[in-house]
C-alpha cells in the first residue's frame, strides 16, 4: 500500500474513533454522574414535605407502593444538565394528564439508562455529552404548591441511582480541617439539641435518672431531612441503638482517617462502601413517632465514647 494511502487510512480511522469516543466516553472515567440542576452542585435529594419524601423507596400511595426514583432538588425554571453522555429518546410522560410538568426525556449511555422527568428538554432525540445543557426545570409549584421542586430521576431498570448522584470530588484531607461537615440539612452549624421533656442533648448529660451519662451528642435534625457524611471514610452497619425495631432504630458507622463515629436514628443510603465528606449519607428517621414533642436529632457517638463536640463546632454559620 502506498505510504500516502496508509497515512490517509490511519487518519480516517483515528477521526472516526475520536468521534465515537466523544459521543460515548468511557463511563469508568466518572464514578458518579455530573451535576443535574443549576444551583444544586451536589445533586442534593429532596427531603420530606407534605407531599412525601424524595429518597428511593419512600412510600407512595399511602404505603401501597414505593418510590422507584430519586428526587433531585431543582428550582422551577432552572437549567438542567445531562448527568452522563448518551443517546436521548422521548418524550417521557409520567403523569399522562398533560399537566404543566408532564414532560421528560430518557438518556441511554454506556452502562447507564435513566429517565429525567418534570423537565422540558431542548430536544428528545440525538446525542448529548455529560454536563451539556439538557433543558429546563418545569413549574412544579403550579401543580404542587409548597412542594420542594425537584427532578424525578429514575433508572430504566428501577434500581437505586442514589450512589451515582454525588459528583466526583476528591476526598478532603482530614488533617487540613479537623471540624466535621454539616451533618443535617437545615442545621449548617451542627447545633446541638438543648433540653426537653425527654432530657438534654449535650455530651455527658444525665441518663437513666442520673445513674448514667450521655456518651454522645444530639445534633438537631428535622424528621425526613437529608443527612450528610461529616468526614470521608468507610461505612459499616447497620447499627441498632434501641434493638426493638421501632421507627428510628437504624444507623451506620463511618471510620475515616483519625475518626470513627456512629450516626443513629437515620436511614443511610447504604451500609457499606466508601463515602466522601459532605456527600449524602441518608435521611433522618421519624423521631416524632417514637418520642412526640422531642427535639428531633441525630445521635452522634464516637466509637471510643469520647466527646465529639469539638469536631462538630463550625462557628456561626461557617461552611467548608
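Numbering (UniProt numbering), first residue to last: 1 to 320. For each residue, glycine too, the CB sits at the ideal point set by N, CA and C. If you're wondering where the values come from, they're calculated on a predicted model, not measured in any experiment.
Practice problem: Only counting runs of 3 or more residues, tell me where the beta strand (DSSP E) segments fall wholly within the region 223 to 292, in order along the chain. | Solution: With a minimum length of 3 residues, the continuous beta strand (DSSP E) runs that stay inside the region 223 to 292 are 226 to 228, 233 to 236, 251 to 256, 259 to 264, 266 to 268, 273 to 275, 280 to 284.
Quiz item: Span of the alpha helix (DSSP H) holding residue 211?
Solution: Premise fails: residue 211 is in no alpha helix (DSSP H) and is neither H nor E.
Self-check item: DSSP three-state assignment for residue 162, whether helix, strand or coil
Solution: In the structure shown, residue 162 sits in a helix (DSSP, three-state: H, G or I).
Quiz item: Taking the beta strand (DSSP E) that residue 187 falls in, what are its first and last residues?
Solution: Taken as a continuous stretch (DSSP letters only), residue 187 belongs to no beta strand (DSSP E), as it is neither H nor E.
Quiz item: Once you ignore the five residues that flank residue 187 on each side, which residues in its own chain have a CB closer than 7 Å to its CB?
Solution: Hits under 7 Å: 219, 220, 221.
Quiz item: Is it right to say residue 154 is buried, meaning 16 or more other beta carbons lie within 10 angstroms of its own, or is it exposed?
Solution: Here residue 154 is buried, its C-beta having at least 16 other C-beta atoms within 10 Å.
Exercise. Run through the region 107 to 146 for me and flag every whole alpha helix (DSSP H) of 4 or more residues, listed as ranges in chain order.
Key: For secondary structure counted as the alpha helix (DSSP H) over 4 or more consecutive residues, the region 107 to 146 holds these complete runs in sequence order: 140 to 143.
Quiz prompt | Helix, strand or coil at residue 309 according to DSSP, with G and I counted as helix | solution = When secondary structure is reduced to three states using DSSP, residue 309 falls in the helix class.
Quiz item: Sorted by chain position, which residues of the same chain lie with C-beta nearer than 7 Å to residue 21's C-beta, five sequence neighbours on each side aside?
Solution: Any reading at residue 21 must be qualified, since the residue scores a pLDDT of 37, below 50, and its modelled position is unreliable; the value itself is stated next. Here the set comprises nothing.
Self-check item: Inter-residue Cα distance where the pair is residue 258 and residue 290
Solution: Near 34 Å, if we compare the C-alpha coordinates of residue 290 and residue 258.
Exercise. Could you pull the start and end residues of the beta strand (DSSP E) that residue 70 belongs to?
Key: Where residue 70 is concerned, the enclosing beta strand (DSSP E) stretches over 70 to 73.
Practice problem: Locate the beta strand (DSSP E) running through residue 155, then write down its first and last residues. | Solution: Taken as a continuous stretch (DSSP letters only), the beta strand (DSSP E) holding residue 155 covers 150 to 155.
Quiz item: By a C-beta neighbour count over all protein chains shown, 10 Å radius and 16 as the cutoff for buried, is residue 253 buried or exposed?
Solution: A buried status is given to residue 253, since no fewer than 16 other beta-carbon atoms sit within 10 Å of its beta-carbon.
Quiz prompt | Whether residue 265 touches residue 287 by CB criterion (9 Å) | solution = In this structure, residue 265 places its C-beta atom within 9 Å of the C-beta atom of residue 287.
Quiz item: Helix, strand or coil: how does DSSP classify residue 87 here?
Solution: Correct three-state label for residue 87: strand.
Quiz item: If you run the structure through DSSP and keep just helix, strand and coil, what is residue 79?
Solution: DSSP, read as helix, strand or coil, puts residue 79 in strand.
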